[in-house]
Amino acid sequence: MNVDDKESALAKPAEQVISIDEPKSVMCGNVSLRQYQAELAESALKGENSIIVAPTDSGKTFVALAICDEHLKQRSGKGPKVIFLAPTLPVFQQQYERFRKHYQDESNMVSVGRVAGGAEAPEPLDLQLMNNDVLIMTPQTLLNGLEKTKVCAITDFSLIIFDECHHTCKNHPYNVIMQHYLRVKHGPSAQPLPQIVGLTASVGVGENKSLKGAIDHILMLCANMDACVISTVRRNLKELAQFVPIAQHNILQVGRRRADPFADIIKDIMAKVEDLLFSLNLPDSGPELKKGNECGTQQYEQWVIQVQREGSKISIADDKELEQKLCWSIFSCTSHLRKYNDALFINEDTRAKDAMNYLQKFFASMDSKGFIDIDETLVNFFKEKLCDLESCLNNPENENPKLLKLEEILRSEYRINAATKSILFVKTRAISEAMESWINEIQTELPHLKPSKLIGRAKSKQHEGMTLNQQSGAVHEFREEQGSNLLIATSVADEGLDIQRCNLVLLYDYVGNVIKSVQTRGRGRAENSKCMLITTLKGGLAEKEKVNLLMEKVMYTAIENVQKLDYGTRAEKMESLQKATLSSAEFQRMLQGFKKPEGDIYLLKCIKCKELVCKSSDIRLVETRCYLYADSRCYPYVQTLWLLPYADPLLTLYAAPLLTAASSLLRVGHRWPTVPILAPPCSWRSRHPPLRPSWPLSVPGSPSLPSSSGSPPSIA
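In terms of UniProt numbering, the sequence shown opens at residue 1 and continues consecutively.
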């Protein structure tokens, strides 16, 4: 069957699919599989490394359970150790519950554990590995065990299953884990390696636009996963189409606002901020400030971030006061420009009212006690235009055509089917909050709507993240028949989550690559599902989505071409790619070794005012997860910190309450944190003297620390 036939078979609406009377099931281990699922599992059940490619809702997790069952059975008495990797915490939690329930129901002796950086675990990783046969993990947790704590080696495992394995590329933790595998495979001595199985709905085509490029991309994925076999459904396509209906896909384009006075005023304010930024008398060694791209674009945001980053590196050896003032001024100007640019995004996708709320939260969060002259000027720019901005908020001529189209669709779909379950994908958390506010306001006209929200976990000053329990609760509520019927979601719901009742997927100016296109469309899992992209006529997203649909067909053709290659040719190409990957990875490791030697002590300074906050030797590592500064006085005031003498990465510190709770787990560490922003920088300046850690620290239950008056300990 060629790719067009395959596409035709997969794309038929549910009512057109030829029915199959009483499809036969196949027992694999303790799992009853449909015939197409058994076909997907064939190579893996023989012990071969495999990438399993099948649509969302085709039951790939059941295939993984069957493979796991057979593996445990065949290696009984030989110490099997199975790792199932899930790329996000919501998927991790979902898969853990499935594995736990499966082995609990079977009443056998298989023990299932879980370890993830953001989830509670009863035991640390080394004990979990010792006490469980199957362990559900996030990739970074396993990578930490392989590299940081070194409590395990890749050869300790007998089977590793990678959920959403298309991530195994570049610097993703999946790929770094597999580099550990490849170093052993191509090492000087033969050692037993785990079987590798990957699961995905789409292998993608990378950045390629040609069939050859797509084939090369897929071969690289195979090489990264050391998998010569790509398993797809070929013999049982009719059964697959019966059980996995494909959503009807529509692209709906609308015009822009005829006039947008709110955006015009915001752009006028941004022009004033830019003029102020360009008027700064920078030293010759400072960044060259050039006008950015058009306001309200991703390119403009990238320009602002780059200016902010370069501005923080200004150094004036003979005038530290001027250096501090320039750094502060650049940071303040660029922070305001970023917020105004965000407001333009929100206004473009929702209402001027929502953009205004976003800006007012930003200004309300400021602490004027720490202001210098430029901060007052920047705030006045906004205050001067406040009345003009407010006059735009309730103008009926300023209504957003995209929102009107969305309201029209919701009215129509829920009138036709009151039991409709919809997922509304939006680009950012700010837009999700604006959308939730809008829907709550129109509920008087659409009382049947019961909205809920699913967003990421990261927290900022203006946006609360969701905890893992909140995320799980939102998904559970949406699954329930009488629960939420409209889930407003960001990219966290793109892949892996099992939401079977959904029959309407709405992509609100939400377009990614081929993989994202397949994944989001696959969220519509009920019969007669629909997927609708709502976008503007001149936005370019409609054309991008059409290219995605075309490249999806190219992807299927590329998969077939790779499957037709004889085993020897495939293996030879993969080995060549693997050796090139290892050489490149080794070179990067060598560079990192030169760049940041172990044991060096760094100064952590505020990105805005250049005040010294602490030294790297003052940081404590807790359970390989949390990084704490041991002087609790700074916690209400610390935001983003800059690492010197090397400018990357940006650092932030967790809050003080963790210190006492985790005091018995403290130990000295050098690893650099990447954790949430907590509070405005420099706000301690007007209320507290410069911070200097006092030693020794008196933390109940903590390990003894060196005591030298007023100075941090030296670390070998």
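Beta carbons: idealized from backbone N, C-alpha and C, even for Gly.
Grouping DSSP H, G and I as helix and E and B as strand, with all else coil, what is residue i?
{"i": "L643", "result": "Residue confidence is low: L643 scores 32 on pLDDT, short of 50, so the model does not pin down where it sits. No coordinate-derived value is stated."}
{"i": "L468", "result": "helix"}
{"i": "R114", "result": "strand"}
{"i": "F559", "result": "Before going on, a small fix: residue 559 reads as Ile here, not Phe. I559 falls in the helix class under three-state DSSP."}
{"i": "A77", "result": "In the sequence under discussion, the amino acid at residue 77 is Gly, which differs from the Ala named in the question. G77 falls in the coil class under three-state DSSP."}
{"i": "G198", "result": "strand"}
{"i": "Y510", "result": "coil"}
{"i": "A418", "result": "coil"}
{"i": "I372", "result": "coil"}
{"i": "F162", "result": "strand"}
{"i": "M220", "result": "helix"}
{"i": "L650", "result": "Residue placement at L650 is poorly supported in this model, since its pLDDT is 31, which falls under 50; the coordinates still yield a value, given next. Residue state, collapsed to three classes: coil."}
{"i": "Y233", "result": "Correcting the residue type first, residue 233 is Val in the shown sequence and not Tyr. The answer is coil: DSSP assigns V233 none of H, G, I, E or B."}
{"i": "L435", "result": "A small fix is needed here, since residue 435 is Met in this sequence, not Leu. M435: helix per DSSP, three-state reduction."}
{"i": "K530", "result": "strand"}
{"i": "P124", "result": "coil"}
{"i": "Q93", "result": "helix"}
{"i": "F382", "result": "helix"}
{"i": "N398", "result": "helix"}
{"i": "M27", "result": "strand"}
{"i": "residue 797", "result": "Outside the modelled stretch of the chain, which goes from 1 to 716, sits residue 797, for which no answer is possible."}
{"i": "R34", "result": "strand"}
{"i": "T536", "result": "strand"}
{"i": "I316", "result": "coil"}
{"i": "V203", "result": "coil"}
{"i": "V244", "result": "coil"}
{"i": "V151", "result": "coil"}
Express the C-alpha separation of residue j and residue i in angstroms, rounding to a whole number.
{"i": "L127", "j": "L193", "result": "21 Å"}
{"i": "K24", "j": "A343", "result": "56 Å"}
{"i": "residue 746", "j": "L359", "result": "Coverage of the chain is limited to positions 1 through 716, which leaves residue 746 absent and any answer about it impossible."}
{"i": "I266", "j": "V151", "result": "54 Å"}
{"i": "A355", "j": "N503", "result": "31 Å"}
{"i": "T428", "j": "M435", "result": "11 Å"}
{"i": "L142", "j": "L577", "result": "24 Å"}
{"i": "Q443", "j": "S422", "result": "15 Å"}
{"i": "D494", "j": "S315", "result": "43 Å"}
{"i": "T511", "j": "S491", "result": "Before going on, a small fix: residue 511 reads as Val here, not Thr. If I take the Cα positions, the gap works out to 11 Å."}
{"i": "L322", "j": "G370", "result": "17 Å"}
{"i": "E97", "j": "A247", "result": "27 Å"}
{"i": "S437", "j": "F62", "result": "39 Å"}
{"i": "P87", "j": "H172", "result": "10 Å"}
{"i": "Q104", "j": "V31", "result": "13 Å"}
{"i": "D318", "j": "F84", "result": "57 Å"}
{"i": "L282", "j": "K313", "result": "12 Å"}
{"i": "R235", "j": "M27", "result": "18 Å"}
{"i": "S50", "j": "Q242", "result": "25 Å"}
Does the beta-carbon of residue i have 16 or more other beta-carbons within 10 angstroms, so that it is buried, or is it exposed?
{"i": "A419", "result": "exposed"}
{"i": "P396", "result": "exposed"}
{"i": "P245", "result": "buried"}
{"i": "L612", "result": "exposed"}
{"i": "K209", "result": "exposed"}
{"i": "P139", "result": "buried"}
{"i": "Q195", "result": "buried"}
{"i": "D373", "result": "exposed"}
{"i": "I488", "result": "buried"}
{"i": "residue 785", "result": "With the chain running from 1 to 716 in the structure shown, residue 785 is simply not present."}
{"i": "P673", "result": "Note that P673 has pLDDT 33, beneath the 50 cutoff, so the model's placement of it is unreliable and the number below is only indicative. With 16 or more other Cβ atoms within 10 Å, it is buried."}
Which partner residues does residue i have in the DSSP bridge list?
{"i": "K615", "result": "L603"}
{"i": "P451", "result": "L486"}
{"i": "S584", "result": "The partner list for S584 (beta bridge, DSSP) is empty, contrary to what the question assumes."}
{"i": "F62", "result": "Beta-bridge pairing links F62 to no other residue."}
{"i": "F425", "result": "A489, L507"}
{"i": "H249", "result": "C531"}
{"i": "S50", "result": "V197, V229"}
{"i": "I83", "result": "L135, I160"}
#### Entry: Touch test, the segment 207-218 against the segment 26-39, Cβ-Cβ under 8 Å, three pairs minimum
no
### Query
Any contact of the segment 395-406 with the segment 465-474, i.e. 3+ C-beta pairs under 8 Å?
no
### Message
Using 8 Å as the cut-off, can you tell me whether the segment 529-547 makes contact with the segment 253-263, which would need three or more C-beta pairs spanning the two stretches below that distance?
### Response
Contact between the segment 529-547 and the segment 253-263 is present, because at least three Cβ pairs lie under 8 Å.
### Message
When you compare the segment 294-303 with the segment 327-346, are there three or more beta-carbon pairs, one atom per stretch, that lie closer than 8 Å?
### Response
yes
### Query
Are three or more beta carbon pairs between the segment 73-83 and the segment 517-525 nearer than 8 Å?
no
### Message
Closer than 8 Å is the cut-off here; do at least three beta carbon pairs connect the segment 265-283 with the segment 367-381?
### Response
Because the criterion of three Cβ pairs below 8 Å is met, the segment 265-283 and the segment 367-381 touch.
### Task
Could you say if the segment 570-585 and the segment 219-239 meet the contact criterion of at least three C-beta pairs nearer than 8 Å?
yes
### Query
Does the count of Cβ pairs from the segment 539-547 and the segment 176-190 closer than 8 Å reach three?
no
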